[in-house]
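In this note's numbering, the protein residues as written are 15 to 128.
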């Protein structure tokens, strides 16, 4: 797109007009790159240091056991889900999904319900 003003100006995603003939286009792209790398770094740090929710600090003493039990239940569900993911994501030597393992997992799941 071209902005009004006579010179050849480029409208970037930010909505600002930048004159590419003055060399500011490069600076803007560099700024965007640095910003995206910084956001990427923040996401990695957030994944590496997940915040643990501790209800016991914020709630009255007589309700603490309820929240501790709820935390344990959520942790056990997460553990079960991760185990299932590890089993179901197994691959053969050629990189194909291992359906024998899938069928064994489903059979165990059905047998445990009945």
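Cβ coordinates follow ideal geometry from the N, Cα and C atoms, glycine included.
Rounded straight-line distance, which links the Cα of residue 55 to that of residue 87: A straight line joining the alpha-carbon of residue 87 with that of residue 55 spans about 32 Å.
Alpha carbon of residue 48 to alpha carbon of residue 89, nearest angstrom: Looking at the two C-alpha atoms, the distance is approximately 37 Å.
Whole-angstrom distance between residue 107 and residue 123, CA atom to CA atom: Answer to the nearest angstrom: the Cα atoms are 26 Å apart.
Chain-order list of residues whose beta-carbon lies under 7 Å from that of residue 102 (same chain, five-residue window excluded): Beyond the five residues adjoining it in sequence on each side, residue 102 comes within less than 7 Å, by CB distance, of 116, 119 in the same chain, given in chain order.
Straight-line Cα distance separating residue 125 from residue 113: Using only the alpha carbons, I get a separation of about 18 Å.
Where residue 108 falls: helix, strand or coil (DSSP): In the three-state scheme derived from DSSP, where H, G and I count as helix and E and B as strand, residue 108 is classed as coil.
Nearest-angstrom Cα separation, counted from residue 99 out to residue 105: When the Cα atoms are used, residue 105 and residue 99 turn out to be separated by approximately 12 Å.
Start-to-end residues for the alpha helix (DSSP H) that takes in residue 80: 78 to 102 is the span of the alpha helix (DSSP H), which, as asked, contains residue 80.
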